[in-house]
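For reference, each letter of the sequence shown is one residue, going 1070 to 1462 in our numbering. We put the beta carbon where it would ideally sit given N, CA and C, even for glycine. Contents: one structure, followed by commentary.
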Amino acid sequence: MNQNLQTWLSSQIESLKEQNLYKPTFVMESPSGGRIHVNGHSNLINLSSNNYLGLANHPKLKAAAIKAVEQYGAGAGAVRTIIGTMSLHVELEQKLAAFKHVESTIVFQSGFTANAGVIPTITDSDDVIITDELNHASIIDGVRLSKAARKIYKHCDMTSLKEALEQSAEAKKRLVITDGVFSMDGDIAPLHEIVDLAKEFDASIMVDDAHGSGVLGGGRGTAYHFGVHNEIDIQLGTLSKAVGVMGGYIAGTSMLIDWLTQRARPFLFSTAHPPATAAATIAAIELMETDPSLTQRLWDNAAYWKIGLRNLGFDTGISETPITPVMIGEEAKALDFQRALFEENVLALAIVFPTVSRGKARIRTMPSAMHHLEDFDDALKAFEKVGKKLDII
Ligand SMILES: *Cc1c(COP(=O)(O)O)cnc(C)c1O
């Protein structure tokens, strides 16, 4: 072992611990659900999964995955552009395009990878990327991989976006990128206004809809929710959150998808999804298409949970979606809150810097369609007890 590296690693880790930014990893010993087993504790109320609709452990998805393993095996054996494309991958992309009401889609290994795949592939050194300051880390990394210049606008601030567009008039192409639903606050990007500004300045738009996928617009995402899906050039969705499996995709015109198929590096240089992943995802899309009750239950549950927290006096921020932050502030206090909740049999994890700004630490709660109202009632009792003990309410 190189001692120089080891010493550096050890000082980095120490520094995280001193700043209360070091986070232990919890280990789940059951399927993802409303109640889970974690670190040897059973039946914890789970308020931290992105498994919004409960699809991750749905019998139809499991059956589809098992059947695909029997029919096609465990792995794809190559990258998509060599001989890793199986009929299941093609079927999934066609299903997704129909579901999203777009011409075409391309599936990547994850939402993170989709951002790394698309952003550098559709921009060049004479372009400008204009990006919301609170966009997801994978957008930030995708932008870093691009040769284009970048401008960051203030969060959902249309005056700031307009300034950035005005200042990039000489660019060959302009690309505005925003999250559809912001993952830490649960607010929704003002897509109507963004579409208007983009038109005025001849810019294209990309919406990363990881937390909108399966949640807004009957599962079709934020653009569909606002009825602007024909005006968003690039929609990114994830198959790893509400859709319950794993993957990310880009939805857009056939020309866009054709180009990505030729040039997006994760598509060219990283192996295709296992057949079980594609098959389970197909089953999930079919469920979302035929059974709107899942999304309805998610929103009803989210409303119940939010009202309960607010009645207790918690600050749930500016959320407009099921993502429900409980604002705490100090990092150390948020971690104390998380620990105390765990002792009360509630798993609700703290989110601290660098995922959110310093001093804006929070417990991010994710109500889902899997929860029963009694789960929320029990969790509210725990939040009340801990909130009083730590002087939050
Ligand atoms: C979670 C998330 C991603 C990454 O999606 P994965 O499929 O989990 O890789 C990308 N963008 C946003 C906005 C996200 O919230």
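(message) If you reduce the DSSP assignment to three classes, tell me which class residue 1273 lands in.
(response) In the sequence shown, counting from the first residue as 1, residue 1273 sits at position 204. Strand, per DSSP.
(message) Rounding to the nearest angstrom, what Cα-Cα distance links residue 1289 and residue 1308 in this structure?
(response) For the purposes of this step, residue 1289 is identified with residue 220 of the sequence shown, where counting begins at 1. For the purposes of this step, residue 1308 is identified with residue 239 of the sequence shown, where counting begins at 1. The C-alpha of residue 1308 is placed about 12 angstroms away from the C-alpha of residue 1289.
(message) Looking only at its chain, what residues have a beta carbon closer than 8 angstroms to the beta carbon of residue 1335, apart from the 5 residues adjacent to it on each side?
(response) Here the question's residue 1335 lines up with position 266 in the sequence shown. Cβ within range, chain order: 1177, 1178, 1182, 1183, 1185, 1186.
(request) Output the distance between the C-alpha atoms of residue 1374 and residue 1384, rounded to the nearest integer angstrom. (result) One-based indexing of the sequence shown puts residue 1374 at position 305. One-based indexing of the sequence shown puts residue 1384 at position 315. Cα to Cα, residue 1374 sits roughly 13 angstroms from residue 1384.
(message) Is residue 1309 close to ligand 1? I mean its beta-carbon at under 7 angstroms from any heavy atom of the ligand.
(response) By one-based count along the sequence shown, residue 1309 stands at place 240. Flag set: Cβ of residue 1309 near ligand 1.
(request) Tell me, to the nearest whole angstrom, how far the beta carbon of residue 1196 is from that of residue 1242; I am working on the premise that it is less than 8 angstroms. (result) The residue labelled residue 1196 in the question sits at position 127 within the sequence shown. The residue labelled residue 1242 in the question sits at position 173 within the sequence shown. Between residue 1242 and residue 1196 the Cβ distance is about 4 angstroms, and since that is below 8 angstroms, they are a contact.
(request) Tell me whether residue 1091 is buried or exposed, calling it buried when 16 or more other Cβ atoms sit within 10 Å of its Cβ. (result) Along the sequence shown, read from residue 1 onward, the residue named residue 1091 stands at position 22. Exposed: under 16 other Cβ atoms inside 10 Å.
(message) Mapping the DSSP letters down to three states, classify residue 1259 as helix, strand or coil.
(response) Counting from 1 along the sequence shown, the entry for residue 1259 is found at position 190. Under the three-state reduction of DSSP, residue 1259 is assigned to coil, being neither helix nor strand.
(message) Are there any heavy atoms of ligand 1 lying less than 7 angstroms away from the beta-carbon of residue 1118, as far as the coordinates show?
(response) Mapped onto the sequence shown, residue 1118 falls at position 49. Ligand 1 never approaches residue 1118 closely enough for any of its heavy atoms to be under 7 angstroms from the residue's Cβ.
(message) Just to confirm the assignment, what range does the alpha helix (DSSP H) spanning residue 1447 have?
(response) The residue labelled residue 1447 in the question sits at position 378 within the sequence shown. Taken as a continuous stretch (DSSP letters only), the alpha helix (DSSP H) holding residue 1447 covers 1442-1458.
(request) For the alpha helix (DSSP H) containing residue 1357, list its first residue and its last residue. (result) Mapped onto the sequence shown, residue 1357 falls at position 288. Taken as a continuous stretch (DSSP letters only), the alpha helix (DSSP H) holding residue 1357 covers 1344-1359.
(message) When you compare the CB positions of residue 1298 and residue 1171, do they come within less than 8 angstroms of one another, or not?
(response) Here residue 1298 corresponds to residue number 229 of the sequence shown, with the count starting at 1. Here residue 1171 corresponds to residue number 102 of the sequence shown, with the count starting at 1. For residue 1298 and residue 1171, yes; Cβs fall inside 8 angstroms.
(message) Is the beta carbon of residue 1311 closer than 8 angstroms to that of residue 1161?
(response) Residue numbering aside, residue 1161 sits at position 92 when the sequence shown is read from its first letter. Residue numbering aside, residue 1311 sits at position 242 when the sequence shown is read from its first letter. Contact flag unset, no.
(request) Could you tell me which residues DSSP pairs with residue 1113 in its beta bridges? (result) Here residue 1113 refers to the residue found at position 44 of the sequence shown. Answer by DSSP bridge pairing, in chain order: 1105.
(request) Check whether the segment 1106-1117 touches the segment 1414-1421, taking contact to mean three or more Cβ pairs, one atom from each stretch, closer than 8 angstroms. (result) Note that the segment 1106-1117 touches the segment 1414-1421; at least 3 beta-carbon pairs, one per stretch, sit closer than 8 angstroms.
(request) Identify the continuous beta strand (DSSP E) that holds residue 1318 and give its terminal residues. (result) Within the sequence shown, the letter at position 249 stands for residue 1318. Its beta strand (DSSP E) spans residues 1317-1321.
(message) Under 8 angstroms: do the segment 1235-1253 and the segment 1322-1330 share three or more Cβ pairs, one atom per stretch?
(response) In the pairwise beta carbon analysis, the segment 1235-1253 is classified as not touching the segment 1322-1330: fewer than three pairs are separated by under 8 angstroms.
(request) Rounded to whole angstroms, what's the CA-CA distance from residue 1142 to residue 1149? Just pull it up for me. (result) Here residue 1142 is taken as the residue at index 73 of the sequence shown, counted from 1. Here residue 1149 is taken as the residue at index 80 of the sequence shown, counted from 1. Distance between the alpha carbons of residue 1142 and residue 1149: 16 angstroms.
(message) Can you tell me whether residue 1093 is buried or exposed? The criterion is at least 16 other CB atoms within 10 Å of its CB, across all chains shown.
(response) As a first step, residue 1093 is located in the sequence shown; it is residue number 24 there, counting from the start. Residue 1093 sits exposed, since fewer than 16 C-beta atoms from the chains shown fall within 10 Å of its C-beta.
(message) Measuring straight from C-alpha to C-alpha, what distance separates residue 1075 and residue 1081?
(response) Taking the first residue of the sequence shown as 1, we reach residue 1075 at position 6. Taking the first residue of the sequence shown as 1, we reach residue 1081 at position 12. Going from the Cα of residue 1075 to the Cα of residue 1081 covers about 10 angstroms.
(message) Can you tell me whether residue 1101 sits near ligand 1, meaning its C-beta is under 7 angstroms from at least one heavy atom of the ligand?
(response) Here residue 1101 corresponds to residue number 32 of the sequence shown, with the count starting at 1. No, ligand 1 has no heavy atom inside 7 angstroms of this Cβ.
(request) Using alpha carbons as the reference points, say which of 1345, 1332, 1252, 1429 lies closest to residue 1388. (result) For the purposes of this step, residue 1388 is taken as the residue at position 319 of the sequence shown. Of 1345, 1332, 1252, 1429, the residue nearest in Cα terms is 1252.
(message) Taking only three categories from DSSP, how would you classify residue 1159?
(response) The residue you call residue 1159 lines up with position 90 of the sequence shown. Assigned with DSSP and collapsed to three states, residue 1159 falls in helix.
(message) Following a CB-centred definition, is residue 1277 positioned closer than 7 angstroms to any heavy atom of ligand 1?
(response) Within the sequence shown, the letter at position 208 stands for residue 1277. A distance criterion of 7 angstroms places the beta-carbon of residue 1277 in contact range of ligand 1, judged by its closest non-hydrogen atom.
(request) Can you give me the Cβ contacts of residue 1366 inside the same chain, cut-off strictly under 6 angstroms, excluding the 5 residues immediately before and after it? (result) Mapped onto the sequence shown, residue 1366 falls at position 297. Sequence-distant Cβ neighbours of residue 1366 in its own chain, meaning closer than 6 angstroms and more than five residues away, are 1438.
(request) Could you spell out where the alpha helix (DSSP H) holding residue 1340 opens and where it closes? (result) Counting from one through the sequence shown, the residue named residue 1340 turns up at place 271. Residue 1340 -> no alpha helix (DSSP H), and no H or E assigned at all.
(message) Looking only at its chain, what residues have a beta carbon closer than 7 angstroms to the beta carbon of residue 1354, apart from the 5 residues adjacent to it on each side?
(response) Residue 1354 sits at position 285 when you count from the first residue of the sequence shown. Counting only Cβ-Cβ distances below 7 angstroms, and skipping sequence neighbours, we find 1164, 1165, 1168.
(message) With a threshold of 6 angstroms on Cβ separation, who are the neighbours of residue 1453 within its own chain once the five nearest residues in sequence on each side are excluded?
(response) As a first step, residue 1453 is located in the sequence shown; it is residue number 384 there, counting from the start. The beta carbon of residue 1453 sits closer than 6 angstroms to the beta carbons of 1381 from its chain, once the five residues preceding and following it are set aside; these are given in chain order.
(request) Look at the Cβ atom of residue 1208, then the Cβ atom of residue 1200, and state whether they are nearer than 8 angstroms. (result) As a working note, residue 1208 is residue 139 in the sequence shown. As a working note, residue 1200 is residue 131 in the sequence shown. In this structure, residue 1208 sits near residue 1200, with a CB-CB distance shorter than 8 angstroms.
(request) Below 8 angstroms CB to CB, which residues in the same chain sit around residue 1338 once its five sequence neighbours on both sides are set aside? (result) By 1-based counting over the sequence shown, the position of residue 1338 is 269. Correct list, in chain order: 1148.
(message) Tell me the rounded alpha-carbon separation between residue 1428 and residue 1409.
(response) The residue labelled residue 1428 in the question sits at position 359 within the sequence shown. The residue labelled residue 1409 in the question sits at position 340 within the sequence shown. Within the model, the alpha-carbon separation for residue 1428 versus residue 1409 is close to 20 angstroms.
(request) Measure the CB-CB distance between residue 1262 and residue 1227 and report whether it falls below 8 angstroms. (result) Position 193 of the sequence shown, counting from 1, holds the residue named residue 1262. Position 158 of the sequence shown, counting from 1, holds the residue named residue 1227. Yes, these two residues count as a Cβ contact at 8 angstroms.
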